[in-house]
Amino acid sequence: MKAKTILDAEKKDAIDIATELCYSEEVKRKIAQAKSVYEIGRILKQARLDQE
1 MKAKTILDAE KKDAIDIATE LCYSEEVKRK IAQAKSVYEI GRILKQARLD QE
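In full-length UniProt numbering, the protein residues as written are 1 to 52.
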């Protein structure tokens, strides 16, 4: 259960980052549905590349 708590905390932090950087609601939705911290990182990296 601890891993789920850590993943939930990572999702919240990632969504806060996405909001601060003005990423789309679609990016935030993908983060909320992520199954791992690795996937969250991949989503944020792709969003950054798409925004450039």
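Where a beta carbon is used, it is the ideal one built from N, C-alpha and C, also for glycine.
As the structure is a computational prediction, the values presented were derived from the model and not from experiment.
Pick from the options that is closest to residue i, judged by C-alpha positions
i: residue 45; options: 33, 35, 32 and 27; result: 27
i: residue 10; options: 41, 51 and 20; result: 41
i: residue 52; options: 39, 14 and 22; result: 22
Residue i versus residue j: straight-line alpha-carbon distance, rounded
i: residue 33; j: residue 6; result: 15 angstroms
i: residue 37; j: residue 18; result: 15 angstroms
i: residue 16; j: residue 48; result: 14 angstroms
i: residue 30; j: residue 43; result: 7 angstroms
Host alpha helix (DSSP H) of residue i (start-end)
i: residue 38; result: 37-51
Three-way DSSP call (helix, strand, coil) for residue i in this model
i: residue 21; result: coil
i: residue 34; result: coil
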